[in-house]
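Chemist:
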Amino acid sequence: MIFALKNIPLELQYFLENDVDGPSKLVGKKTTPILEKTDGSHMAESMDIVHYIDGQYGDKIVAPLKEEDPFKAWWDTAAMTVFKLAIPRLTQADLPEFATTEAREAFYARQSKNFGNFNDLLAKTPELIKEVETHLAKLDPVLADYNELAEGDFFIFPLLRTLSIVEGVDYPSNVRSYVKRMEQATAVSIYCDQTR
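What follows is the structure, encoded as structure tokens:
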């Protein structure tokens, strides 16, 4: 997100989901994203990367989190529902980190420990969609006149992007407009062509 927002060229490389050694050699653990700096050193943790890039290239454009940030608060209440809906579907998606059967199976094994049996979660889709639509309705007025760029955007846009893989979710108008605006500004596509 931050690279497109600051118009900085970026080369993306992907680790397979079951590749532990690759990330560990760079930052000491299995994690993504990882930034390779111009000096050849590496940095992990999404928000650390955002702050580093924002501070290194031109004027800072990302406002800090407010003390009681509504976006972070919304993420805290809505994220688990989004993940329960999206994670089983992401396992079926055509993503570079799942390019092998072993990688897809590794994701399933790890995430089923975190969220439970995927078939059980898929069976709960109708009730989980109702729950997530309640969360979206609460977010909608917060986005009504929102025209800033702040740390909170780096919480809610990725979460809304994750949710976009779920078919049948009704998005309120302000949320829809926000997702479209952020998709264009960040050059990060939502999963509209892979909904399940």
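Letter by letter, the sequence shown follows residues 1 to 196 of the UniProt record's numbering. For every residue, glycine included, the Cβ atom is placed at its ideal position computed from N, Cα and C. Quick caveat: nothing in here was measured; it's all calculated off a predicted structure.
Below 8 Å, can you find three or more Cβ-Cβ pairs linking the stretch 95 to 114 to the stretch 133 to 152?
Modeler: No: fewer than three Cβ pairs fall under 8 Å.
Chemist: Count the CB pairs spanning the stretch 73 to 82 and the stretch 126 to 137 that are closer than 8 Å, and state whether there are at least three.
Modeler: yes
Chemist: Can you tell me where the alpha helix (DSSP H) with F123 in it begins and where it stops?
Modeler: The question names Phe, but residue 123 in the sequence shown is Ala. That run of the alpha helix (DSSP H) goes F118 to A123.
Chemist: Using a Cβ-Cβ cut-off of 6 Å (strictly less than) and excluding sequence neighbours within five positions of P70, which residues of its own chain qualify?
Modeler: V142
Chemist: Grab me the residues of T32's own chain with a C-beta within less than 7 Å of its C-beta, minus the 5 sequence neighbours each way, in chain order.
Modeler: F15 and P23
Chemist: Between the stretch 179 to 194 and the stretch 106 to 113, are three or more C-beta pairs nearer than 8 Å?
Modeler: no
Chemist: For the beta strand (DSSP E) that I34 lies in, which residues bound it at each end?
Modeler: I34 to E36
Chemist: Just how far apart, CA to CA, sit K6 and F155?
Modeler: Answer to the nearest angstrom: the Cα atoms are 18 Å apart.
Chemist: On a Cα-Cα basis, can you pick out the residue from K30, V62 and P96 that is closest to Q13?
Modeler: P96
Chemist: Could you check what DSSP says for A150 in three-state terms: helix, strand or coil?
Modeler: strand
Chemist: Just reading off the beta strand (DSSP E) that M43 is part of, what are its end residues?
Modeler: H42 to A44
Chemist: Which class does A99 belong to by DSSP, given the choice of helix, strand or coil?
Modeler: It is coil, neither helix nor strand.
Chemist: In the DSSP assignment, the alpha helix (DSSP H) including A187 goes from what residue to what residue?
Modeler: It is not in any alpha helix (DSSP H) - A187 carries neither H nor E in the DSSP assignment.
Chemist: Return the chain-ordered list of same chain residues with a C-beta closer than 8 Å to the C-beta of H51, the five sequence neighbours on each side being excluded.
Modeler: V62
Chemist: Assuming R196 contacts Q56 under a Cβ cut-off of 8 Å, what Cβ separation, rounded to an integer in Å, is found between them?
Modeler: Not a contact, Cβ separation roughly 38 Å.
Chemist: Can you tell me whether A123 is buried or exposed? The criterion is at least 16 other CB atoms within 10 Å of its CB, across all chains shown.
Modeler: exposed
Chemist: Does the beta-carbon of L90 have 16 or more other beta-carbons within 10 angstroms, so that it is buried, or is it exposed?
Modeler: buried
Chemist: Taking only three categories from DSSP, how would you classify A78?
Modeler: helix
Chemist: In three-state DSSP terms, what is A63?
Modeler: strand
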